[in-house]
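S.K.: Quick one: this structure, given as structure tokens, is what I'll be asking you about.
Number of protein chains: 2
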Amino acid sequence: MECILCALNPRLAAGHCAWANLIMAGGKADNSKSKANTKGKEKEVKKETKLGLSVKKDDNFGEWYSEVVVNGEMIEYYDISGCYILRPWTMSIWEVMQAFFDAEIKKMNIKNCYFPLFVSPGVLQREKDHIEGFAPEVAWVTKSGNSDLDVPIAIRPTSETVMYPYYSKWIRGHRDLPLKLNQWCNVVRWEFSNPTPFIRSREFLWQEGHTAFASRTEADAEVLEILELYRRVYEEFLAVPVIKGQKSELEKFAGGLYTTSVEAFIPNSGRGIQGATSHCLGQNFAKMFEINFEDDKGEKAMVWQNSWAYSTRTIGVMVMVHGDDKGLVLPPKVAALQIIVIPVPYKDANMQGILDTCAATVRAVRRDNFAKADIAIDGLVEKVKELMDDIQQSLFDTAKLKRDACVVVAKNWGEFAEALGQKKLILAPWCDEEEVEKDVKARTKGDMGAAKSLCSPFDQPALPEDTLCFASGKPAKKWTYWGRSY
Amino acid sequence: MECILCALNPRLAAGHCAWANLIMAGGKADNSKSKANTKGKEKEVKKETKLGLSVKKDDNFGEWYSEVVVNGEMIEYYDISGCYILRPWTMSIWEVMQAFFDAEIKKMNIKNCYFPLFVSPGVLQREKDHIEGFAPEVAWVTKSGNSDLDVPIAIRPTSETVMYPYYSKWIRGHRDLPLKLNQWCNVVRWEFSNPTPFIRSREFLWQEGHTAFASRTEADAEVLEILELYRRVYEEFLAVPVIKGQKSELEKFAGGLYTTSVEAFIPNSGRGIQGATSHCLGQNFAKMFEINFEDDKGEKAMVWQNSWAYSTRTIGVMVMVHGDDKGLVLPPKVAALQIIVIPVPYKDANMQGILDTCAATVRAVRRDNFAKADIAIDGLVEKVKELMDDIQQSLFDTAKLKRDACVVVAKNWGEFAEALGQKKLILAPWCDEEEVEKDVKARTKGDMGAAKSLCSPFDQPALPEDTLCFASGKPAKKWTYWGRSY
Chain A
5 MECILCALNP RLAAGHCAWA NLIMAGGKAD NSKSKANTKG KEKEVKKETK LGLSVKKDDN
65 FGEWYSEVVV NGEMIEYYDI SGCYILRPWT MSIWEVMQAF FDAEIKKMNI KNCYFPLFVS
125 PGVLQREKDH IEGFAPEVAW VTKSGNSDLD VPIAIRPTSE TVMYPYYSKW IRGHRDLPLK
185 LNQWCNVVRW EFSNPTPFIR SREFLWQEGH TAFASRTEAD AEVLEILELY RRVYEEFLAV
245 PVIKGQKSEL EKFAGGLYTT SVEAFIPNSG RGIQGATSHC LGQNFAKMFE INFEDDKGEK
305 AMVWQNSWAY STRTIGVMVM VHGDDKGLVL PPKVAALQII VIPVPYKDAN MQGILDTCAA
365 TVRAVRRDNF AKADIAIDGL VEKVKELMDD IQQSLFDTAK LKRDACVVVA KNWGEFAEAL
425 GQKKLILAPW CDEEEVEKDV KARTKGDMGA AKSLCSPFDQ PALPEDTLCF ASGKPAKKWT
485 YWGRSY
Chain B
5 MECILCALNP RLAAGHCAWA NLIMAGGKAD NSKSKANTKG KEKEVKKETK LGLSVKKDDN
65 FGEWYSEVVV NGEMIEYYDI SGCYILRPWT MSIWEVMQAF FDAEIKKMNI KNCYFPLFVS
125 PGVLQREKDH IEGFAPEVAW VTKSGNSDLD VPIAIRPTSE TVMYPYYSKW IRGHRDLPLK
185 LNQWCNVVRW EFSNPTPFIR SREFLWQEGH TAFASRTEAD AEVLEILELY RRVYEEFLAV
245 PVIKGQKSEL EKFAGGLYTT SVEAFIPNSG RGIQGATSHC LGQNFAKMFE INFEDDKGEK
305 AMVWQNSWAY STRTIGVMVM VHGDDKGLVL PPKVAALQII VIPVPYKDAN MQGILDTCAA
365 TVRAVRRDNF AKADIAIDGL VEKVKELMDD IQQSLFDTAK LKRDACVVVA KNWGEFAEAL
425 GQKKLILAPW CDEEEVEKDV KARTKGDMGA AKSLCSPFDQ PALPEDTLCF ASGKPAKKWT
485 YWGRSY
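What follows is the structure in structure tokens.
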């Protein structure tokens, strides 16, 4: 169906109709004059304002993505490379997810706080592995006005080192535990590799949770509880299927004990993408920052810590998964605009009559599959609600079918290399040795980027005893997903 | 009434009871043994943990304020001067105000967005008066990792120059207007004058609204609509009385046309404080950033712009106004914890009996005036709700009485100087000349800081025709509030 709104208002983004999950037309929707008029105008509009998409998703995915987020008015490119303007459509999606997640963590008795944007160098460098992971990306403030600062000050790339000196101060006895804080904030990672809106940007918005417990059991349990919330953000809100699992030693969070994640996959680019991470930090930071407490037996003990985060990257994943050649497709649960009601005027028509009719006859066109249906006015609200639920579910089902169709099981190097060449999401038996992963990276280096482990899924297929690692030929310890990634 | 919670848990901040507006005790509240025991323990606790306040509000206001915000666990001092950690109690107050304000501006069809933290120098410097106002406080990023950036990048002190190049891009015709955006974010002003938690910090949280209209009439109307929301934040939520008015030419926003504000006053320090500002920017930024549009007659025109903001400073004003020698006093509307129910145990008591009684007998103690009342269990909920409304109103009334008692009308320099010496909020007839304000500043310079104009209240007392300016002796044009300020 041609969109009359585009024709009526040339300044509307062509992508705007993506924002509505259901377009309900009242009046003579099939009138040929009207259609012809609209078509003609729309072409004119596209030519004049360049708001249509000039490439197809399957032809040039990168260019398509960039056009969708810009023409759909989610993103505006900014005059500093790697920084992007998040426009109102983006913020409304972010706010829906934020409302859900914030309420859920409040139920878990996690409280919001706000720590400073700035970190002093001494504190930043206290945990060696951690700073090695982040140092190359840290932005430094060295001047204010015309004066040089005595000591350069870093901008947080993440807040472990910002927060934990104060955890050390606040935690004295077991009654101070657990300490469970979260903040919604911006962070800065001055990366030089390909910036991509939402997916890889120098500044982004996120929440970061930082918790401390008396026992590892409690920390372990929370890691999974948070990971489940991340799954729900992706699957229930963004309708994007994800795999829950554990990262390899090489891919885990710098300075942490182990990292769990939800991993998504983009069929068009053949790349995995880390959707959100929930880390158990163990006692490593506790040791470096001296976060000790007197336990209930009066003995000195060290806390167990977690940190976990999801960012505006979620929105990019959603666009990549659901968007089509007409632009954005948004799941109803995060769409600011769920329904557009369009009175369809045509030449010589009685406009008032049409407007009146809008309240009695309704033709609905779904944004996801463009199916049309005439809905009687009786029970309209109920029917539309059902349609919304159906669109949400069917977006997820379709995305899952496409994702699953990309999964290939590779049992040896030959199968692995072939599947990688076909941009697949590869499930392979692995010996779980760090040197072997490094070797896989080295052997797959190239223009497209090396392959790496994405995660070892919690949901493990059977692994017969004599199964060998696809890469080393040693006995396999687990099934692991591999592929190129963002 | 002594607080048993402090005695039961030595790690609770002494200020904690400030967080509850009403303490409801069940059991034998007046039992003398219990009181004695509790008193003894509380003293011990204070000595041990240093959580009590060591100074009185009237004796050393600055020290008192610092102790209240730290011991009340709203703020933790940070290892970078002028930066503070906002702890959960603070964030819960901020979130209450945010929920109110965000919903109100959404009703006005203002949409949220997020622009980058960073500004390139060329853009930052485009509006001359504006950058002159902010340049000395701008923090500059010059390095990432170990590499120098090609061009230093500024951190936003406010976002006019960040946003308006894109307003220029997005606004073409009158149908694109009004453009009304808001963002919730952090900003950085690297000030060197006395940092004070909430009141003057190098990084703070705020909302900043930026709107563009086709006509001045629309812009003028919005300035006042937003200012009214700021008044409500202060008066209805924080129970702090404010004066609405217009800033002088000397005190208006750098680069703007005129600035309106809500002004609060802190009786203890004798200083006014700018509570929030709503600026009409006129067409000055539109000219510098070329924000033009084709009006409905097809003629080229320039937009009229506003910007407006309130920050976490609001919370500091509230603490200063309501706090007492026992610590924080929070208006019920922003208190995370409104009621604490305390079973009061005593020696040889049947603990279970007391707990049972808590559900039947209730003695209430208000945090604001410590008034005690026994409330029957019948209608308890209703009665408590009434009490909360009464506390909210009476905090405002008390604050207003105290503020009003500080107002002095000064008709000549002698009266003005005397009132200033007494740390009053001075209402004086003024000729409204910039040179005269500069002269007042010069003549009142000293250890305490110079006096300046705070605002010309919209609510103007009668000004007889022959009234002369208190400072210049020229004919007075208006009544203006003067004083020292934060």
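Respectively, the protein sequence lines represent chains A and B.
The numbering used here puts the first residue of the first sequence at 5, with every later residue one more than the last.
The numbering used here puts the first residue of the second sequence at 5, with every later residue one more than the last.
No residue lacks a Cβ here, since even glycine has one placed at the ideal position from N, Cα and C.
(1) Kindly indicate the opening and closing residues of the alpha helix (DSSP H) around valine 4 of chain A.
(2) With a threshold of 7 Å between beta carbons, is leucine 68 of chain A in contact with chain B?
(3) Measuring only the C-alpha atoms, how far is glycine 425 of chain A from arginine 193 of chain A?
(4) For the candidate residues B:Pro201, B:Leu121, B:Gly327 and B:Thr200, whose alpha-carbon lies nearest to that of glutamate 164 of chain B?
(5) The beta strand (DSSP E) spanning tyrosine 485 of chain B covers which residue range?
(6) Select from the stretch 264–275 of chain A all residues with a C-beta closer than 9 Å to any C-beta belonging to chain B, and list them in chain order.
(7) Compare the Cα-Cα distances from lysine 184 of chain B to each of B:Val73, B:Leu472 and B:Cys117 and report the closest residue.
(8) Using a beta-carbon distance below 7 Å, is isoleucine 97 of chain A in contact with chain B?
(9) Looking at valine 73 of chain A and proline 201 of chain A, is the spacing between their C-beta atoms short of 7 Å?
(10) Are there 16 or more other CB atoms within 10 angstroms of the CB of asparagine 354 of chain A, so buried, or fewer, so exposed?
(11) To test your reading of the DSSP string, which unbroken beta strand (DSSP E) runs of 3 or more residues are found completely within the stretch 76–143 of chain A?
(12) Express the C-alpha separation of arginine 371 of chain B and lysine 43 of chain B in angstroms, rounding to a whole number.
(13) In angstroms, rounded to a whole number, what distance separates the CA positions of aspartate 436 of chain B and cysteine 473 of chain B?
(14) In whole angstroms, what is the alpha-carbon distance linking glutamate 239 of chain A and glycine 274 of chain A?
(15) Tell me, which residues are paired with alanine 380 of chain A by DSSP?
(16) Please report the residue range of the alpha helix (DSSP H) in which serine 172 of chain A lies.
(17) Would DSSP call proline 338 of chain A helix, strand or coil?
(18) 7 Å is my cut-off, CB to CB: does glutamate 220 of chain A come that close to chain B?
(19) Is there contact here, the stretch 208–216 of chain A with the stretch 145–159 of chain A, by at least three beta-carbon pairs under 8 Å?
(20) So, at 7 Å on beta carbons, what are the nonlocal neighbours of glutamate 141 of chain B in its own chain, with the 5 sequence-adjacent residues on each side left out?
(21) Whose CA, out of B:Thr316, B:Phe297, B:Val59 and B:Ile343, lies closest to the CA of threonine 94 of chain B?
(22) When you compare the CB positions of leucine 90 of chain A and glutamate 71 of chain A, do they come within less than 7 Å of one another, or not?
(23) Cβ atoms of glutamine 250 of chain B and proline 335 of chain B: under 7 Å apart, would you say?
(24) Are any of the Cβ atoms in chain B nearer than 7 Å to that of phenylalanine 119 of chain A?
(25) Less than 7 Å between C-beta atoms, sequence neighbours within five positions excluded: which residues of the same chain meet that for glutamate 226 of chain B?
(26) Alpha carbon to alpha carbon, how far is glycine 279 of chain B from arginine 447 of chain B?
(27) Please tell me whether alanine 414 of chain A has its Cβ less than 7 Å away from any Cβ of chain B.
(28) Using 8 Å for Cβ pairs, my map puts isoleucine 175 of chain A next to tyrosine 490 of chain A. What's the rounded Cβ distance?
(29) Just how far apart, CA to CA, sit valine 83 of chain B and leucine 153 of chain A?
(30) Measure the C-alpha to C-alpha separation of alanine 243 of chain B and phenylalanine 105 of chain B and round it to an integer number of angstroms.
(31) May I have a chain-ordered list of the beta strand (DSSP E) segments no shorter than 3 residues that lie completely inside the stretch 404–475 of chain B?
(32) Using a Cβ-Cβ distance under 7 Å, would threonine 471 of chain B count as near chain A?
(33) Just tell me which of B:Ala305, B:Ile277 and B:Lys330 has its CA closest to the CA of isoleucine 319 of chain B.
(34) For valine 246 of chain A and tyrosine 234 of chain A, I'd like the C-alpha separation in whole angstroms.
(35) Would proline 271 of chain A and lysine 406 of chain A qualify as a contact pair, given that the criterion is a beta-carbon distance under 7 Å?
M.R.: In short:
(1) Not covered by the structure: residue 4 of chain A. The range shown for chain A is 5 to 490.
(2) For the purposes of this step, residue 68 of chain A is taken as residue 64 along the first sequence, with counting starting at 1. What sits at residue 68 of chain A in the sequence shown is tryptophan, not leucine. No - not a single Cβ of chain B is within 7 Å of the one on tryptophan 68 of chain A.
(3) The count along the first sequence starts at 1 and reaches residue 425 of chain A at position 421. The count along the first sequence starts at 1 and reaches residue 193 of chain A at position 189. Near 31 Å, if we compare the C-alpha coordinates of arginine 193 of chain A and glycine 425 of chain A.
(4) The residue labelled residue 164 of chain B in the question sits at position 160 within the second sequence. It is B:Leu121 whose Cα lies nearest to the Cα of glutamate 164 of chain B.
(5) The sequence position of residue 485 of chain B within the second sequence is 481, counting from 1. Counting along the chain, the beta strand (DSSP E) containing tyrosine 485 of chain B begins and ends at 482–489.
(6) none
(7) Within the second sequence, residue 184 of chain B is the residue found at index 180, counting from 1. Ranking B:Val73, B:Leu472 and B:Cys117 by Cα distance to lysine 184 of chain B puts B:Cys117 first.
(8) For this step, residue 97 of chain A is matched to residue 93 along the first sequence. Contact of isoleucine 97 of chain A with chain B is not assigned, every C-beta pair being separated by 7 Å or more.
(9) As a first step, residue 201 of chain A must be located in the first sequence, where it is residue number 197. As a first step, residue 73 of chain A must be located in the first sequence, where it is residue number 69. Yes. Within cutoff.
(10) For the purposes of this step, residue 354 of chain A is taken as residue 350 along the first sequence, with counting starting at 1. Classification of asparagine 354 of chain A: exposed, given that the 10 Å Cβ count is below 16.
(11) When DSSP assignments are scanned along the stretch 76–143 of chain A, the uninterrupted stretches of beta strand (DSSP E) that are 3 or more residues long and fall wholly within it turn out to be 79–81 and 88–90.
(12) What you label residue 43 of chain B is simply residue 39 of the second sequence in a count that begins at 1. What you label residue 371 of chain B is simply residue 367 of the second sequence in a count that begins at 1. For lysine 43 of chain B, the pLDDT reaches just 37, beneath the cut-off of 50, and the residue's location in the model is therefore unreliable, although a value from the coordinates is still provided. Near 18 Å, if we compare the C-alpha coordinates of arginine 371 of chain B and lysine 43 of chain B.
(13) Here residue 436 of chain B corresponds to residue number 432 of the second sequence, with the count starting at 1. Here residue 473 of chain B corresponds to residue number 469 of the second sequence, with the count starting at 1. Linking aspartate 436 of chain B to cysteine 473 of chain B through their CA atoms gives a straight-line distance of about 8 Å.
(14) Numbered from its first residue, the first sequence carries residue 239 of chain A at position 235. Numbered from its first residue, the first sequence carries residue 274 of chain A at position 270. Taking the straight line joining both Cα atoms gives about 20 Å.
(15) Taking the first sequence and counting its residues from 1, the one referred to as residue 380 of chain A is at position 376. Bridge pairing for alanine 380 of chain A: A:Thr365 [DSSP].
(16) Locating residue 172 of chain A in the first sequence gives position 168, where the first residue counts as 1. Taken as a continuous stretch (DSSP letters only), the alpha helix (DSSP H) holding serine 172 of chain A covers 164–174.
(17) Working through the first sequence from its first residue, we reach residue 338 of chain A at position 334. According to the sequence shown, residue 338 of chain A is valine rather than proline. In this structure, valine 338 of chain A counts as helix in the three-state DSSP scheme.
(18) Taking the first sequence and counting its residues from 1, one reaches residue 220 of chain A at position 216. Note on residue identity: the sequence assigns arginine, not glutamate, to residue 220 of chain A. No, arginine 220 of chain A does not count as interfacial toward chain B.
(19) The stretch 208–216 of chain A is not in contact with the stretch 145–159 of chain A.
(20) By 1-based counting over the second sequence, the position of residue 141 of chain B is 137. Excluding sequence neighbours, glutamate 141 of chain B sits near Pro161, Arg193, Trp194 and Glu195.
(21) Here residue 94 of chain B refers to the residue found at position 90 of the second sequence. Of the candidates B:Thr316, B:Phe297, B:Val59 and B:Ile343, the one whose C-alpha sits nearest the C-alpha of threonine 94 of chain B is B:Thr316.
(22) Taking the first residue of the first sequence as position 1, residue 90 of chain A is located at position 86. Taking the first residue of the first sequence as position 1, residue 71 of chain A is located at position 67. No. Outside cutoff.
(23) Taking the first residue of the second sequence as 1, we reach residue 335 of chain B at position 331. Taking the first residue of the second sequence as 1, we reach residue 250 of chain B at position 246. Not in contact: proline 335 of chain B and glutamine 250 of chain B (Cβ atoms no closer than 7 Å).
(24) As a position in the first sequence, residue 119 of chain A is number 115, starting the count at 1. Closer than 7 Å: yes.
(25) Position 222 of the second sequence, counting from 1, holds the residue named residue 226 of chain B. Contacts found: Thr215 and Asn310.
(26) Residue numbering aside, residue 279 of chain B sits at position 275 when the second sequence is read from its first letter. Residue numbering aside, residue 447 of chain B sits at position 443 when the second sequence is read from its first letter. Each residue's Cα considered, the two are about 26 Å apart.
(27) The residue given as residue 414 of chain A occupies position 410 in the first sequence. Not one chain B Cβ lies under 7 Å of alanine 414 of chain A.
(28) Numbered from its first residue, the first sequence carries residue 175 of chain A at position 171. Numbered from its first residue, the first sequence carries residue 490 of chain A at position 486. With a beta-carbon spacing of about 37 Å, isoleucine 175 of chain A and tyrosine 490 of chain A fall beyond the 8 Å limit used to define contacts.
(29) Here residue 83 of chain B corresponds to residue number 79 of the second sequence, with the count starting at 1. Here residue 153 of chain A corresponds to residue number 149 of the first sequence, with the count starting at 1. Just to set this straight, residue 83 of chain B is aspartate in the shown sequence, not valine. Each residue's alpha carbon lies about 15 Å from the other.
(30) Reading the second sequence from its first residue, position 239 is the one you call residue 243 of chain B. Reading the second sequence from its first residue, position 101 is the one you call residue 105 of chain B. Answer to the nearest angstrom: the Cα atoms are 16 Å apart.
(31) 411–413, 429–434 and 456–461
(32) As a first step, residue 471 of chain B is located in the second sequence; it is residue number 467 there, counting from the start. With 7 Å as the cut-off, threonine 471 of chain B does not count as an interface residue toward chain A.
(33) As a first step, residue 319 of chain B must be located in the second sequence, where it is residue number 315. Residue B:Ile277 is the option with its Cα nearest to isoleucine 319 of chain B.
(34) Residue mapping note: residue 246 of chain A aligns to position 242 of the first sequence, counting from 1. Residue mapping note: residue 234 of chain A aligns to position 230 of the first sequence, counting from 1. Valine 246 of chain A and tyrosine 234 of chain A: Cα-Cα distance of roughly 9 Å.
(35) Walking along the first sequence from the start, residue 271 of chain A turns up at place 267. Walking along the first sequence from the start, residue 406 of chain A turns up at place 402. At a Cβ-Cβ threshold of 7 Å, proline 271 of chain A and lysine 406 of chain A count as neighbours.
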